[in-house]
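Encoded as structure tokens, the structure appears first; notes follow it.
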Amino acid sequence: MRYRMKSLGVLLFLGFCLVTSSHVLFHEWTKLILTHHWPQTFCTMEHCHTRFNYWTLHGLWPDRGVACNSSWHFNESLIQDILPDMEKSWPDLFNPTSTSFWKYEWHKHGTCAATAEALNSQHKYFSKALELYHKFNLDGVLKQNHIVPSEQHYTLDAVEGAILNSYGVKPKIQCLHPGKGGEFQTLGQIEICVDREFELVSCEKALDDIWSRVNDILSYALNGVTGFSVCDEDLPIYYPPLTGKF
Ligand SMILES: *[C@@H]1O[C@H](CO)[C@@H](O)[C@H](O)[C@H]1NC(C)=O
Ligand SMILES: *[C@@H]1O[C@H](CO)[C@@H](O)[C@H](O)[C@H]1NC(C)=O
Numbered sequence: 001m002r003y004r005m006k007s008l009g010v011l012l013f014l015g016f017c018l019v020t021s022s023h024v025l026f027h028e029w030t031k032l033i034l035t036h037h038w039p040q041t042f043c044t045m046e047h048c049h050t051r052f053n054y055w056t057l058h059g060l061w062p063d064r065g066v067a068c069n070s071s072w073h074f075n076e077s078l079i080q081d082i083l084p085d086m087e088k089s090w091p092d093l094f095n096p097t098s099t100s101f102w103k104y105e106w107h108k109h110g111t112c113a114a115t116a117e118a119l120n121s122q123h124k125y126f127s128k129a130l131e132l133y134h135k136f137n138l139d140g141v142l143k144q145n146h147i148v149p150s151e152q153h154y155t156l157d158a159v160e161g162a163i164l165n166s167y168g169v170k171p172k173i174q175c176l177h178p179g180k181g182g183e184f185q186t187l188g189q190i191e192i193c194v195d196r197e198f199e200l201v202s203c204e205k206a207l208d209d210i211w212s213r214v215n216d217i218l219s220y221a222l223n224g225v226t227g228f229s230v231c232d233e234d235l236p237i238y239y240p241p242l243t244g245k246f
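No gaps in the numbering here: position 104 of the sequence shown is 104 in the UniProt record's numbering, and each next residue is one more.
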């Protein structure tokens with residue numbers, strides 16, 4: 001019995017070392033994910049009302065690392081000059097006058113992105129996200145390709161094709177899935193990826209793809225029907241117009 005406990009201890013210790021060392025070995029991120037959400041879908045899911053009728057920023061996320069420096073506090077006065085653009089492009093959809101969304105994103109993702117010199121301050125991090133958001137102009141790209149909010153449905157191929165044509169790389173497109181027996185999924189989130197030089201790269205490589213699906217399934221299981229996951233290529237996509245109620 002004693003012996004068994006000891007083996008268990010060794011095993012746990014080894015497991016701990018593995019997790020710790022792999023964290024150290026692989027902690028450096030290689031890709032940034034510029035995540036956009038469609039306010040109407042977000043608000044359908046979270047029961048808010050929105051006046052934003054264009055894709056807004058959700059975040060700029062390194063592919064590895066979460067909450068990397070808890071002592072690096074968000075400070076609004078450091079991004080004073082870009083606040084008007086932040087409010088327009090990266091609004092807190094729950095409360096457009098609040099800064100708590102930016103604080104959350106900074107702590108969770110910005111402090112990890114900051115290992116790159118180009119992103120090692122709050123001003124650099126938020127400005128870069130805005131710069132990429134305007135440069136890629138997802139909202140414009142979808143419109144130019146006639147993918148607009150509508151009561152008619154789209155195929156995943158059509159939405160993905162529009163983005164692929166414009167950027168030359170594959171995005172990750174996420175939907176709000178229908179409940180049991182539902183006939184369509186609702187377009188919710190679009191991720192566009194860049195490398196450490198901020199050049200466009202495909203969001204889904206083979207291995208990441210598997211992991212993102214595992215993550216999606218897990219988050220789907222945890223959140224029930226309310227979470228986003230990668231859109232299903234066999235279901236029509238609903239791109240909901242603004243309801244106008246708020
Ligand atoms: C965490 O952030 C603080 C405040 O900016 C900084 O002084 C410290 O060097 C950072 N720690 C690491 C490990 O980067
Ligand atoms: C925020 O940054 C400003 C400008 O650097 C500084 O004066 C102020 O003390 C900071 N506030 C906090 C709470 O750290």
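Built from N, CA and C at the ideal position, the CB exists for glycine as well.
At least one heavy atom of ligand 2 lies closer than 8 Å to the C-beta of L78. By the criterion of at least three beta-carbon pairs nearer than 8 Å, the region 67-76 is in contact with the region 95-109. Within the DSSP secondary-structure output, K172 pairs in a beta bridge with E191.
K31 is bridged by DSSP to D195. Residue environment for D92: buried (at least 16 other C-beta atoms within 10 angstroms of its C-beta). Put simply, of L130, G182, D195 the residue whose alpha carbon is nearest the alpha carbon of H36 is L130.
Residues lining ligand 1 by the Cβ criterion, that is a Cβ closer than 6 Å to any of its heavy atoms, are N69, S71, W72 in chain order. In the three-state reduction of the DSSP assignment, H47 falls in the coil class. Taking all protein chains shown into account, Q80 has fewer than 16 neighbouring C-beta atoms within 10 Å of its C-beta and is therefore exposed. One Cα belongs to S89, the other to V148, and the distance between them is close to 19 Å. Using a Cβ distance threshold of 9 Å, I173 and Q189 count as a contacting pair. In the DSSP assignment, V201 is bridged to C193.
Residue range 228-230 is occupied by the beta strand (DSSP E) that includes F228.
Its Cα nearest to that of V159, the residue L138 stands out among H177, L138, K128, P178.
Per DSSP, reduced to three states, the secondary structure at T111 is helical. T30 and C231 have their C-alpha atoms spaced approximately 24 Å apart. Our two residues, R196 and Y133, have alpha carbons roughly 16 Å apart in a direct line. A Cβ-Cβ contact shorter than 9 Å links T41 with P240. Using a 10 angstroms sphere on the CB of E105, the tally of other CB atoms reaches 16 or more, which defines it as buried. Restricting attention to S202, Y154, S166, K170, the CA atom closest to the CA of F184 is found in Y154.
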